[in-house]
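In our numbering, the protein residues as written are 5 to 107.
Where a beta carbon is used, it is the ideal one built from N, C-alpha and C, also for glycine.
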Amino acid sequence: PLPLSGLAACTLPCGEAFVDVRRRILPACAGQPPRCDGGGRWIWESAAMLVPLVHEGTCGRIDAVVAFATDVDPTAALDALAWGWAPAPPLEDGGGRGSEAVE
């Protein structure tokens with residue numbers, strides 16, 4: 005959690021952000037070692053990053069600190085996207101199909 009002491013509560017939307025999953029989120033997650041979430045699933049998380057929030061009609065911006073996580077191997081997802089495939093969904097029980105791509 006981010007300490008927000010000294011900031012007024014925002015009762016209206018503070019802004020919008022656009023973050024490119026393919027070029028920013030997945031590479032950021034791929035650069036980190038995975039961890040087990042305690043439920044048997046592997047999680048890849050990005051380091052914290054600044055994302056600018058812009059609000060229509062204002063000239064200022066707010067930078068939000070965000071981190072992203074995925075339970076799909078981000079390197080495999082990037083490879084699949086490069087080949088035009090969709091990565092297979094994660095298996096809940098750990099059995100059955102392998103990690104082959106689904107067309």
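Go through its chain and collect everything with a Cβ distance to residue i's Cβ below 8 Å, but skip five positions before and after it.
i: Arg-26; result: Leu-82, Leu-85
Closest by CA to residue i, which one among the options?
i: Met-53; options: Asp-24, Gly-88, Trp-87; result: Asp-24
i: Leu-30; options: Val-70, Ser-50, Gly-64, Trp-87; result: Ser-50
i: Gly-42; options: Trp-89, Asp-75, Trp-87; result: Asp-75
Excluding sequence positions up to five away, which residues of its chain have a Cβ less than 7 Å from the Cβ of residue i?
i: Ala-21; result: Val-55, Pro-56, Leu-57, Ala-68
i: Ile-47; result: Pro-38, Arg-39, Asp-41, Ala-73, Asp-75
i: Gln-36; result: Trp-48, Glu-49, Ser-50, Ala-51
Just mark residue i as buried or exposed, buried being the case when its beta carbon has 16 or more other beta carbons within 10 Å.
i: Arg-101; result: With a pLDDT of only 41 at Arg-101, under the threshold of 50, the placement of this residue in the model should not be trusted; the figure read from the coordinates follows. Its Cβ having fewer than 16 others within 10 Å, Arg-101 is exposed.
i: Leu-8; result: Model confidence at Leu-8 stands at a pLDDT of 45, short of 50, so the residue's coordinates are unreliable; what they give is reported in the following sentence. When all chains shown are included, Leu-8 counts as exposed.
i: Ala-32; result: buried
Apart from the five residues on each side of it in sequence, which residues of its chain come closer than 6 Å, Cβ to Cβ, to residue i?
i: Arg-45; result: Asp-75
i: Ala-34; result: Pro-78, Thr-79
i: His-59; result: Gly-19
i: Val-70; result: Val-55
Whole runs of the alpha helix (DSSP H) within the region 22 to 68, excluding any shorter than 4 residues:
30 to 34, all fully within the region 22 to 68.
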